[in-house]
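There are 2 protein chains.
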Amino acid sequence: MTRDLVLALSGGVGGAKLALGLSHAVAPENLLIVANTGDDFEHLGLSISPDIDTLTYALAGLDNQTLGWGRRDETWSFMETLATIGGPTWFRLGDRDLALHVQRTSRLRAGEALSAITADITRKLGIAPRILPMSDDPVRTRVLSDEGWLDFQDYFVARQCKPVLRGLAFAGAERAAAHPEFLAALASPRLRAVVVCPSNPFISVEPILALPGVRAALAACTAPVVAVSPIIGGKAVKGPTAKMMAELGIAPGAAAVARRYGDLLDGYVIDLRDAAEATGLAQRTTLAQTLMSTLDDKVALARVALDLADTITKDR
Amino acid sequence: MTRDLVLALSGGVGGAKLALGLSHAVAPENLLIVANTGDDFEHLGLSISPDIDTLTYALAGLDNQTLGWGRRDETWSFMETLATIGGPTWFRLGDRDLALHVQRTSRLRAGEALSAITADITRKLGIAPRILPMSDDPVRTRVLSDEGWLDFQDYFVARQCKPVLRGLAFAGAERAAAHPEFLAALASPRLRAVVVCPSNPFISVEPILALPGVRAALAACTAPVVAVSPIIGGKAVKGPTAKMMAELGIAPGAAAVARRYGDLLDGYVIDLRDAAEATGLAQRTTLAQTLMSTLDDKVALARVALDLADTITKDR
Numbered sequence: 003m004t005r006d007l008v009l010a011l012s013g014g015v016g017g018a019k020l021a022l023g024l025s026h027a028v029a030p031e032n033l034l035i036v037a038n039t040g041d042d043f044e045h046l047g048l049s050i051s052p053d054i055d056t057l058t059y060a061l062a063g064l065d066n067q068t069l070g071w072g073r074r075d076e077t078w079s080f081m082e083t084l085a086t087i088g089g090p091t092w093f094r095l096g097d098r099d100l101a102l103h104v105q106r107t108s109r110l111r112a113g114e115a116l117s118a119i120t121a122d123i124t125r126k127l128g129i130a131p132r133i134l135p136m137s138d139d140p141v142r143t144r145v146l147s148d149e150g151w152l153d154f155q156d157y158f159v160a161r162q163c164k165p166v167l168r169g170l171a172f173a174g175a176e177r178a179a180a181h182p183e184f185l186a187a188l189a190s191p192r193l194r195a196v197v198v199c200p201s202n203p204f205i206s207v208e209p210i211l212a213l214p215g216v217r218a219a220l221a222a223c224t225a226p227v228v229a230v231s232p233i234i235g236g237k238a239v240k241g242p243t244a245k246m247m248a249e250l251g252i253a254p255g256a257a258a259v260a261r262r263y264g265d266l267l268d269g270y271v272i273d274l275r276d277a278a279e280a281t282g283l284a285q286r287t288t289l290a291q292t293l294m295s296t297l298d299d300k301v302a303l304a305r306v307a308l309d310l311a312d313t314i315t316k317d318r
Numbered sequence: 003m004t005r006d007l008v009l010a011l012s013g014g015v016g017g018a019k020l021a022l023g024l025s026h027a028v029a030p031e032n033l034l035i036v037a038n039t040g041d042d043f044e045h046l047g048l049s050i051s052p053d054i055d056t057l058t059y060a061l062a063g064l065d066n067q068t069l070g071w072g073r074r075d076e077t078w079s080f081m082e083t084l085a086t087i088g089g090p091t092w093f094r095l096g097d098r099d100l101a102l103h104v105q106r107t108s109r110l111r112a113g114e115a116l117s118a119i120t121a122d123i124t125r126k127l128g129i130a131p132r133i134l135p136m137s138d139d140p141v142r143t144r145v146l147s148d149e150g151w152l153d154f155q156d157y158f159v160a161r162q163c164k165p166v167l168r169g170l171a172f173a174g175a176e177r178a179a180a181h182p183e184f185l186a187a188l189a190s191p192r193l194r195a196v197v198v199c200p201s202n203p204f205i206s207v208e209p210i211l212a213l214p215g216v217r218a219a220l221a222a223c224t225a226p227v228v229a230v231s232p233i234i235g236g237k238a239v240k241g242p243t244a245k246m247m248a249e250l251g252i253a254p255g256a257a258a259v260a261r262r263y264g265d266l267l268d269g270y271v272i273d274l275r276d277a278a279e280a281t282g283l284a285q286r287t288t289l290a291q292t293l294m295s296t297l298d299d300k301v302a303l304a305r306v307a308l309d310l311a312d313t314i315t316k317d318r
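Right, here's the structure in full:
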């Protein structure tokens, strides 16, 4: 049995960069990317899946590198017009982006599974790796803040993460089924590595871990589980990870993320400038350049993570 | 009691031109435009009201005069992208147009009435006259063709009216309530005139007439009911009216439309070039230039229709 299957757990932007790197570092058909759906939400009657779409755009080469989110070549006529008729404008929906939301919503209402719709859309956009929602059942991240409970996108986009974070809940997670293909991959003798992408642990990875059976399946899987740090020099490349850590009483740092994942992780990739944090970590740790600007950066970092996993396997 | 209220019955493009003319010929707050909703439909999970929107764009000065339908300054990113992910493209939804559909659908799902949503959107777009859906209840025009029954937009847009028309039905009309403001206007002693716009009689005006009580209220109303012919020289300015007449066994012509409306009409405005058709009509008939190219044409034709109504009133 060849160990050729790579399973990536990913949120949005940072995770998508490494997922793109992985898609060049292994045969694309051997890459399964499990996407967080905890920040999915319903807006204007549309079912929006931000992390699935960010992954889709990144892997199709359609991501907007100027904005850092959304689609390339985007136009904003819909949003401009919505403003003139008094519609809500706090969540920016580009005209091209909207096509995915409308099509997904229409197909979900017709009874199709989110995973089937995602598979079809990604195939039509020429994406070879599989992007799989963590679950076809709804899970909704809720934020406990100093202002009380907030819906995730209300906290994240409308309030720009300004309320102080006290805790998180993943509504529906306990009743949601991890996608069978996700669990099958974790149980597969073909599994070479599980890569936890450099996504926000609290809002991008932990919703995935909150699904029944996922932590146990990760602990039981025969392949190494390696993570790439989302923190460089005490800061997140993008997004509120460091702020959230501080508010949760965790000193922001690469090592703290590894400690948060705990014995779920066999290996950890941290940035060269965080070398000092590597000492004292329980996980086997590799230093690398983890800032991913170019495609080469992404592929190189993907190879570092896979090499670490392979080394762990060899040494077992 | 001043007779200052004008009620217009309208479908899309041709009707909207005269409705715009009427909005300049009377104080806008005295104009109530009742819009056909028989060609409303659900597409991609969106509630689309083509005639309401055509009226809205025309009265807001936002109509696309190049295309002859839809919005001015339209962009097509949504549609282009929808095509790349395998979505249906037979019904063209512009990015700006889409804002109205998404907002309307979202508000309808939240339980608001179509008339309330329309009133709000038109007010936000600076439209002074009231555009009122004929009913807040769904009515759906169905087409009996030589290929069997078709949904209206399937016949009209997807099949471009190619199937031969055998008959029409207005599904839901018998259970739908004509909007109370519509019936109140018909019963109002303030009513100066009912103007049946130069819209397709079969698919734009007759759905309105099919609502319970509307024909009786028109027959009973104290103000004259005048129509403007949608046919000039045996042809429709735009759209399939003449083709539909022929397929229904009615020789296409201005007089045939007046005969179709029958004793519902007190007056009729036909084009100068159709003078020969005026003889033998039961309704009091006025000849006018009915092709509306410029705003002046529209206002002038609106004045002709109102003058005809006023003359009928004076002579009673």
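Quick mapping for you: the protein sequence lines, in order, are chains A and B.
Each residue of the first sequence is one higher than the one before, counting from 3 in the working numbering.
Each residue of the second sequence is one higher than the one before, counting from 3 in the working numbering.
Even glycine gets a Cβ: it sits at the ideal position worked out from N, Cα and C.
Keep in mind the model is a prediction, meaning the values are calculated, not measured.
query                                                                                                                                 : result
Neighbourhood of M247 of chain B by C-beta, 6 Å cutoff - its chain only, sequence neighbours within 5 removed                         : P254
Those residues which DSSP pairs with Y270 of chain B across a bridge                                                                  : B:A229, B:T287
Chain B within 9 Å of M81 of chain A, Cβ atoms only                                                                                   : yes
Chain-ordered residues of the stretch 36 to 54 of chain A with a beta carbon less than 9 Å from chain B                               : H45, L46, G47, L48
Per DSSP, the bridge partner or partners of R73 of chain B                                                                            : B:D65
Residue nearest to A180 of chain B in terms of C-alpha spacing, selected from B:G236, B:F204, B:A225, B:S117                          : B:S117
Residue burial classification, D148 of chain B (beta-carbon count within 10 angstroms, cutoff 16)                                     : exposed
Pair within 9 Å by beta-carbon distance, E279 of chain B and A256 of chain B                                                          : yes
Continuous beta strand (DSSP E) stretch holding L220 of chain B: start and end                                                        : No beta strand (DSSP E) holds L220 of chain B; the alpha helix (DSSP H) holding it covers 216 to 222.
Coarse secondary structure for F93 of chain A, derived from DSSP in three states                                                      : coil
Rounded distance between the beta-carbons of L61 of chain A and I129 of chain A, thought under 8 Å                                    : 5 Å
Option in A:L146, A:K240, A:S49 with minimal Cα separation from R109 of chain A                                                       : A:S49
Assigned secondary structure, I129 of chain A (DSSP; H/G/I helix, E/B strand, else coil)                                              : coil
Per-residue DSSP class, three states only, for V28 of chain B                                                                         : coil
Span of the beta strand (DSSP E), counted from its first residue to its last, around E44 of chain A                                   : 43 to 45
Residues of its chain near A115 of chain B, where Cβ-Cβ distance is below 8 Å and the 5 sequence neighbours each way are ignored      : D138
Beta-carbon spacing of V271 of chain B, V301 of chain B below 9 Å                                                                     : no
Residues that A160 of chain B contacts on chain A, provided the C-beta gap is smaller than 7 Å                                        : Ordered by position in chain A, no residue passes the 7 Å Cβ test against A160 of chain B, which lies about 17 Å from the chain.
Neighbour flag for V196 of chain A against chain B, beta carbons, 9 Å                                                                 : no
Endpoints, the alpha helix (DSSP H) within which F158 of chain B is located                                                           : No alpha helix (DSSP H) contains F158 of chain B, which DSSP labels as neither H nor E.
Chain-ordered neighbours of S108 of chain A on chain B, where CB pairs are closer than 7 Å                                            : L46, G47
Option nearest I35 of chain B by Cα separation, candidates B:G17, B:G47, B:H45, B:I234                                                : B:G17
Simplified DSSP assignment, three categories, for P182 of chain B                                                                     : helix
Beta-carbon proximity check, A37 of chain A vs T107 of chain A, cutoff 9 Å                                                            : no
Within-9 Å CB hit, Q105 of chain B to chain A                                                                                         : yes
Within chain B, partners of L102 of chain A - CB distance below 8 Å                                                                   : T83, I87
Which of helix, strand or coil DSSP assigns to V145 of chain A                                                                        : strand
Distance CB(L266 of chain A)-CB(R305 of chain A) smaller than 9 Å                                                                     : no
Three-state class that DSSP yields for R262 of chain B in the structure shown                                                         : helix
Chain D residues whose Cβ lies nearer than 7 Å to that of I123 of chain A                                                             : Judged by its chain identifiers, the structure shown contains no chain D, and its protein chains are A and B.
Under 8 Å (Cβ pairs) to chain B, residues found in the stretch 147 to 180 of chain A                                                  : none
Whole-angstrom distance between R94 of chain B and E176 of chain A, CA atom to CA atom                                                : 42 Å
Cross-chain neighbours of T77 of chain B in chain A, by beta carbon under 7 Å                                                         : T77, S79, D97
Beta-carbon contacts of G169 of chain A that lie in its chain and below 6 Å, excluding the five residues immediately before and after : L146
Cβ-based burial, W71 of chain A [other Cβ within 10 Å; buried from 16]                                                                : buried
Minimum C-alpha distance to R74 of chain A - residue among A:F80, A:M81, A:E82, A:D65                                                 : A:D65
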